[in-house]
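Take a look at the structure below.
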Amino acid sequence: MHYFCSLTLFYTQPVLFLTLSSPPLPSICPFIDPFIDSSPLCSVPRSLWLGCSSVAESLCALRCLQSIPSTRAHNQVLNGPVVGSRKRPSEGNYEKEKEHCIALFDQWSEADQVEFVERLISRMCHYQHGHINSYLKPMLQRDFITALPAQGLDHIAENILSFLDARSLCAAELVCKEWQRVISEGMLWKKLIERMVRTDPLWKGLSERHQEKYLFKNRTSEVPPNSYYHSLYPKIIQDIETIEANWRCGRHNLQRIQCRSENSKGVYCLQYDDDKIISGLRDNSIKIWDKQSLECLKILTGHTGSVLCLQYDERVIVTGSSDSTVRVWEVTTGEVLNTLIHHNEAVLHLRFANGLMVTCSKDRSIAVWDMASPTDISLRRVLVGHRAAVNVVDFDDKYIVSASGDRTIKVWSTSTCEFVRTLNGHKRGIACLQYRDRLVVSGSSDNTIRLWDIECGACLRVLEGHEELVRCIRFDNKRIVSGAYDGKIKVWDLQAALDPRAPASTLCLRTLVEHSGRVFRLQFDEFQIISSSHDDTILIWDFLNVSTNGQSEGRSPSRTYTYISR
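In structure tokens:
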């Protein structure tokens, strides 16, 4: 009502109105439109009104255009034909004309039809546009998921819905009964879980550890209904959240393997899988342990010095020793298949993959080997450049990365074996590193961990917290886990460490203290850490199967298995 009074003032006292201008309103205003449509004096095109930013501007536009003749013919020029202004021809002629127009329309190309309809619509008024819009709306909102099965195309509807995530799939089930039927008969919850198991290591590990592999067999008689998988999905999510919370809080169950022997003074290296743990000891032996019972299955002997490094796959175990040799063993029989004699001093570390093996030594050199078969291994190249013992190597298809007691990390081309660059920053010798994608993570006797971008050589972050030499380090997509001569294992947040804005105090998530001696080697996955130490033990830190009996954080009851060599 206030604005209506202002309009009256416009016609009688225009100067007064402009002085007392009303507050601004949006350009499309609930007041302007109905007033214009109902005003017999208005001959202003609607587009001019909708372009005005306030009531005052709108009224000024009206005043300026009052001189335009307000006739029905002129309105037709400005706004198009007025509804009802033209009379329909006689019924018979109208039907004939309409059918003739439709027949002509059907003969045109799609592009011509679209152009004609656009021109036709442009000649209509707003009221007619509303009718057309209400007619088109349901045509543009077709339920194609319901329509496809009706045409025998259920598989296409299932394929479309199979791209949904869990939240969207839940919502889709509530749309209508037909959508729910497509999801149920297409076993889309089962397919979603299968996709997660294929692409996410945590899901894969959970499915294996909970013995849910049988759920994904193709035999129809063994497959539970879709509703089972629907209820299984939130249970898996709950398990994942529990595991993540256990990592954050340090809750774990601990198992301990005692590796005592007469000459043993430490477990220098290890690797594990779902079935076994293989360890290299200071007493020159390699011990293979059953991962479930933790019993010693086999002892491999042959080295005349401490076993300092090892790696195995499904066929062979490759070990390096302080006796300067590299030995290749058959996994199942324990037979020695090959002995490589090249280095002049202790072999400190080795890695092999895809027909290539790289070894490094206290003699300051790196050896690159072609590994055609366990019995056919030939030296390709020797890399020289470090000024002290080369303690660790890692590689992929692009780079070989080595770290030394000379405080440097060197990068070499895998294909050409040519030197690429040096990473400088550590203040003392480097004892360990891991390299993956562009990221290198290294640990040093300066008690720090450094993160590097291998492409540009920049140090991205320095992690501080260990009190002695950082002896071993591993990382995945979420965490860095480090072990040091202070006997401690630390878990770090990798993503936070890569964020320069993250405070240093937030980077170390948990410190695990169980070893009574130096931590020599560790490996971890989504569910556990397995570590070895100078204290002659192998510890299994289990973050999946955690007891809920009120144990304090980070300290859980341990199960000890002792194996005494005779």
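Counting with mature numbering (1 follows the signal peptide of the UniProt record, and there is no 0), you get residues -17 to -1, 1 to 549 for the letters of the sequence shown.
Beta carbons are placed, not taken as given, at the ideal position from N, Cα and C, and that holds for glycine.
Query                                                                                                                           : Result
Whole beta strand (DSSP E) elements within the segment 296 to 339, 3-residue minimum                                            : 299 to 304, 308 to 313, 319 to 324, 330 to 336
Sheet register partners of L283 (DSSP bridge)                                                                                   : I269
E497 Cβ short of 7 Å to the ligand FAD heavy atom set                                                                           : In the structure on display, the ligand FAD does not appear, and there are no ligands present to speak of.
Among T489, A133, I513, H517, nearest to S499 - alpha-carbon criterion                                                          : H517
CB-CB length for L215 against I176, believed under 8 Å                                                                          : 7 Å
Residues of its chain near M170, where Cβ-Cβ distance is below 6 Å and the 5 sequence neighbours each way are ignored           : N209
Inter-stretch contact at 8 Å, needing at least 3 Cβ pairs: the segment 462 to 474 / the segment 143 to 155                      : no
Contacts around V180, its chain only, beta-carbon distance under 6 Å, and the 5 residues preceding and following it disregarded : W186, K187, S190
Inter-residue spacing [alpha-carbon to alpha-carbon] between T316 and D346                                                      : 32 Å
Rounded distance between the beta-carbons of V330 and G303, thought under 8 Å                                                   : 3 Å
Same chain, Cβ closer than 7 Å to L443, neighbours up to 5 away in sequence not counted                                         : L434, W435, D436, L481
7 Å CB neighbourhood of W524 in its chain, flanking five on each side removed                                                   : H235, L237, L495, Q511, I512
Terminal residues of the beta strand (DSSP E) in which M354 lies                                                                : 348 to 356
Cα-Cα separation, R370 to S151                                                                                                  : 58 Å
Pairwise C-alpha distance: C252 and I383                                                                                        : 21 Å
Among G233, L293, R411, S488, the one whose alpha carbon lies nearest that of H332                                              : L293
Secondary structure of E438, DSSP reduced to three states                                                                       : coil
Identity of the residue in C84, V375, D148 nearest V423 by Cα                                                                   : V375
Assigned secondary structure, G368 (DSSP; H/G/I helix, E/B strand, else coil)                                                   : coil
Candidates V311, A133, I115, G338, of which the one nearest A355 by Cα                                                          : G338
Where H109 falls, given that 16 or more other Cβ within 10 Å makes a residue buried                                             : exposed
Enclosing beta strand (DSSP E) for S385 [first to last residue]                                                                 : 382 to 387
Beta-carbon contacts of L406 that lie in its chain and below 6 Å, excluding the five residues immediately before and after      : I392, W435, G440
N142 - containing alpha helix (DSSP H), residue span                                                                            : 137 to 144
Which residues DSSP lists as bridging W395, in chain order                                                                      : I383, F402
Cβ separation of R501 and R454, assumed to be a contact under 8 Å, to the nearest whole Å                                       : 6 Å
Beta-carbon proximity check, G263 vs L291, cutoff 8 Å                                                                           : yes
Helix, strand or coil at K248 according to DSSP, with G and I counted as helix                                                  : coil
Residue of F526, T520, L527 minimising C-alpha distance to I261                                                                 : T520
Segments of 3+ residues assigned as beta strand (DSSP E) that fall wholly inside the segment 214 to 249                         : 236 to 241
Among I432, Y211, Q417, nearest to H409 - alpha-carbon criterion                                                                : I432
C415, buried or exposed, once every other Cβ within 10 Å from all chains shown has been counted against 16                      : buried
Opposing strand residues paired with D508 [DSSP bridges]                                                                        : According to DSSP, D508 bridges with nothing at all.
Cβ shell of R411 (< 7 Å), same chain only, five flanking positions each side left out                                           : R390, S427, S428, D429
DSSP beta-bridge partners of Q254                                                                                               : I261
N116 in three-state terms, based on DSSP                                                                                        : helix
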